[in-house]
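Data block below; observations after.
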Amino acid sequence: MLAAMQAKHYEDAMKAKAEGKPVVWSASIGLQELLETMDLTVVYPENQAAAIGARKAAPELIANAEGRGYSTDLCSYARVNIGYADVGESPAQNIPLPDILFCCDNLCHTVMKWYETLAKELNIPMVHIHAPFVYGDDVPERTVKYMKAEVENAIRQLEEITGKKFDYDKLAEVMHNSNQTAYWWKKAYSLGMKNPSPLSGFDMFNYMAVAVCMRGKKEGAELFKLWHDELAAKAEAGLGPWKEGEEEKYRVLWDGIACWPNLSFTFKTLKKYGINMVVSTYPDIWNLQYDETSLDSLCDVYAKHYANRTIKHSVNTICKHVKDYDLDGIIYHSNRSCKVMDFRTYEVQRQVQERTGVPSVIFDGDQTDPRIFSEAQYETRVQALLEVMAARKEGK
Ligand code: SF4
Numbered sequence: 070m071l072a073a074m075q076a077k078h079y080e081d082a083m084k085a086k087a088e089g090k091p092v093v094w095s096a097s098i099g100l101q102e103l104l105e106t107m108d109l110t111v112v113y114p115e116n117q118a119a120a121i122g123a124r125k126a127a128p129e130l131i132a133n134a135e136g137r138g139y140s141t142d143l144c145s146y147a148r149v150n151i152g153y154a155d156v157g158e159s160p161a162q163n164i165p166l167p168d169i170l171f172c173c174d175n176l177c178h179t180v181m182k183w184y185e186t187l188a189k190e191l192n193i194p195m196v197h198i199h200a201p202f203v204y205g206d207d208v209p210e211r212t213v214k215y216m217k218a219e220v221e222n223a224i225r226q227l228e229e230i231t232g233k234k235f236d237y238d239k240l241a242e243v244m245h246n247s248n249q250t251a252y253w254w255k256k257a258y259s260l261g262m263k264n265p266s267p268l269s270g271f272d273m274f275n276y277m278a279v280a281v282c283m284r285g286k287k288e289g290a291e292l293f294k295l296w297h298d299e300l301a302a303k304a305e306a307g308l309g310p311w312k313e314g315e316e317e318k319y320r321v322l323w324d325g326i327a328c329w330p331n332l333s334f335t336f337k338t339l340k341k342y343g344i345n346m347v348v349s350t351y352p353d354i355w356n357l358q359y360d361e362t363s364l365d366s367l368c369d370v371y372a373k374h375y376a377n378r379t380i381k382h383s384v385n386t387i388c389k390h391v392k393d394y395d396l397d398g399i400i401y402h403s404n405r406s407c408k409v410m411d412f413r414t415y416e417v418q419r420q421v422q423e424r425t426g427v428p429s430v431i432f433d434g435d436q437t438d439p440r441i442f443s444e445a446q447y448e449t450r451v452q453a454l455l456e457v458m459a460a461r462k463e464g465k
């Protein structure tokens, strides 16, 4: 179902473009509710870049962007996508070229500059929602007010560009569907708290395509409910993540984005040692649940998205996961691409270690640029973690 839904999502987008309908490229945690309400065809370049990375076709698009002067230090999702916008074709995953760009910088400021660049190169309009950084535990009222004004302005821009009126009744329906998708997404992956966990966190990475691309659609909620029911039945029967005889010996958290080109190696190396990734800070980001009758609540939730918050928030989140998921260890992906997440990794690791005592390792990698990741380094770090986790278990 997952594969079929993904394929249909991209086929529909290509068809819409061929029929002359406007296509939007949106940041993955943009307020898709507005686009869905306007009945626009939306594709997500980050998701496409991840798919291209997983199918090992990123290097030629990266080479195109770097060849045209974009720095290797730029996020590789941006480099893959900027390369794609120039070439317009990838054997790994095609998407139609955009007519509108839509982004919210709750994710990072890279995405804003990346979309500005595309708007200039492709000469198309860009709608941008600014989300002020959240420094405290809660989103201040003034931030919600400010973001609401940004959202209203974005709605006006979309109306102007498309020549269509925004329908607030349809928005209510879309917010309901999005809430349901987030609810079942969270409920399903939270079953990783069971011991043994009926899921491997790498399943979450696979299902993320739907969490990103089909948040506002009923089908997203239906798929996650089905996945939840299947996992719940496994948990009820006491089944672990893998086949019979393959025991979950250690439970870990994965911090950061997956290494899409190395998904199989990173998964198999953990599995070989009986290590199951039961939770990750990354898929958790798409747990965007709000009061579906309130635009204020929508703004509040988008503003307090994980990447738009402090080190303290990251530390608190991970410490809570350590307890809730009964973790033996943590693996931090020092992702060369994602400065917003990775500049803070070493400090987050230090504080989590201090508060929980749970051992951890950091490895170097990248979400789509295969040049950064080393299989040998990854496995050595995993082995080091394994030794400490084993010693702690014996000590217990
Ligand atoms: S991976 Fe990081 S830098 Fe790249 S778009 Fe996502 S949040 Fe921004």
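In our numbering, the protein residues as written are 70 to 465. Here a beta-carbon is modelled for each residue, glycine too, at the ideal position from N, C-alpha and C. Being a predicted model, the structure only gives us computed values, none of them experimental.
- Cβ-Cβ distances below 7 angstroms link residue 329 to 119, 122, 123, 436 and 437 in the same chain, with the five nearest sequence neighbours on each side left out; the list follows chain order.
- Under a 10 Å Cβ-count criterion, residue 70 is classified as exposed, with fewer than 16 other Cβ atoms of the shown protein chains found around its own Cβ.
- Residue 325 is positioned such that its CB atom lies closer than 7 angstroms to that of residue 410.
- In this structure, ligand 1 has no non-hydrogen atom nearer than 6 angstroms to the beta-carbon of residue 414.
- Between residue 164 and residue 117, the C-beta spacing is below 7 angstroms.
- Annotation for residue 136: the continuous alpha helix (DSSP H) segment containing it runs 127-136.
- Non-local C-beta neighbours of residue 301 in its own chain, meaning closer than 7 angstroms and more than five positions away in sequence, comprise 260, ordered along the chain.
- As the crow flies, the alpha-carbon of residue 178 is around 18 angstroms from that of residue 215.
- At the C-beta level, residue 73 and residue 110 stay beyond 7 angstroms of one another.
- Remark: C-beta atoms of residue 200 and residue 356 do not approach each other more closely than 7 angstroms.
- Listed in chain order, the non-local C-beta contacts of residue 160 below 7 angstroms within the same chain comprise 126, local neighbours out to five positions each way being set aside.
- Annotation for residue 248: 358, 359 and 361 place their beta carbon closer than 7 angstroms to its own, counting only its chain and skipping 5 residues before and after.
- In the three-state DSSP reduction, residue 197 falls in the strand class (E or B).
- At a cut-off of 6 angstroms, the beta-carbon of residue 409 counts as near ligand 1: some heavy atom of the ligand is closer than that.
- The beta-carbon distance between residue 398 and residue 417, rounded to whole angstroms, is 15 angstroms. This is too long to meet the 8 angstroms contact definition.
- Checking the DSSP bridge columns, you'll see residue 170 partnered with 94 and 195.
- If you keep only unbroken beta strand (DSSP E) runs of at least 3 residues inside the segment 94-123, you get 110-112.
- The segment 260-280 and the segment 289-305 touch, with no fewer than 3 CB-CB distances between them shorter than 8 angstroms.
- According to DSSP, residue pairing for residue 323 in a beta bridge involves 349 and 400.
- If the five residues before and after residue 217 are omitted, its C-beta is found closer than 7 angstroms to the C-beta atoms of 364, 365 and 368, all from its own chain and listed in chain order.
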